[in-house]
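If you're matching positions, the sequence shown starts at 10 in the working numbering and goes up one per residue.
Don't be surprised by glycine CBs; every beta carbon is placed ideally from N, CA and C.
All remarks here apply to the structure that follows.
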Amino acid sequence: MALNSTSDSHTPEQLTAEQIRSQMQQHRLEFDSDVEQFVDGTNALGNWKQYVKAKPMFALAVCAAAGYMVIPKKKDYVSADPDRIARLVRKDKLVVAPPQRVKRGSGMFAGLTQSLLRLGMQTAAGVVMQKLGEKAAPPNSETA
Numbered sequence: 010m011a012l013n014s015t016s017d018s019h020t021p022e023q024l025t026a027e028q029i030r031s032q033m034q035q036h037r038l039e040f041d042s043d044v045e046q047f048v049d050g051t052n053a054l055g056n057w058k059q060y061v062k063a064k065p066m067f068a069l070a071v072c073a074a075a076g077y078m079v080i081p082k083k084k085d086y087v088s089a090d091p092d093r094i095a096r097l098v099r100k101d102k103l104v105v106a107p108p109q110r111v112k113r114g115s116g117m118f119a120g121l122t123q124s125l126l127r128l129g130m131q132t133a134a135g136v137v138m139q140k141l142g143e144k145a146a147p148p149n150s151e152t153a
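This is the structure we're talking about:
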């Protein structure tokens, strides 16, 4: 009867304690190896430099598209001469009205700021509720 045999054909009742320890040690080593491979793989996925090296033209196109989306359009100003303005007023195509209030906070960064502020307020409210819950809870009988 060989004690060092660690084949899977044995049932757990037939294995000795040493054989079980040996198998568990082998499984731990395999698990550690698998976890290290997983961590290395996920770190490689988050490395943006490898994508730029692999496809530099695609990265340049993505950056150009992002820049085009982020940079606001140039405003087109029209300067009209007094004769043209007079013609438009006569034809009722030009209405002179007081300037309307400019609505603030309608940009992308304003929306992001509002979202972060809302998240901060919700977090603060959660912390306050947790602290109030701790103070309202009956004292623990083990510490008495």
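In this structure, residue 68 places its C-beta atom within 8 Å of the C-beta atom of residue 61. The straight-line gap separating the alpha-carbon atoms of residue 144 and residue 135 is approximately 14 Å. Rounded to the nearest whole angstrom, the C-alpha separation of residue 95 and residue 101 is 10 Å. Rounded to whole angstroms, residue 90 and residue 98 show a C-alpha spacing of 13 Å. For the pair residue 137 and residue 128, the Cα-to-Cα distance works out to about 14 Å.
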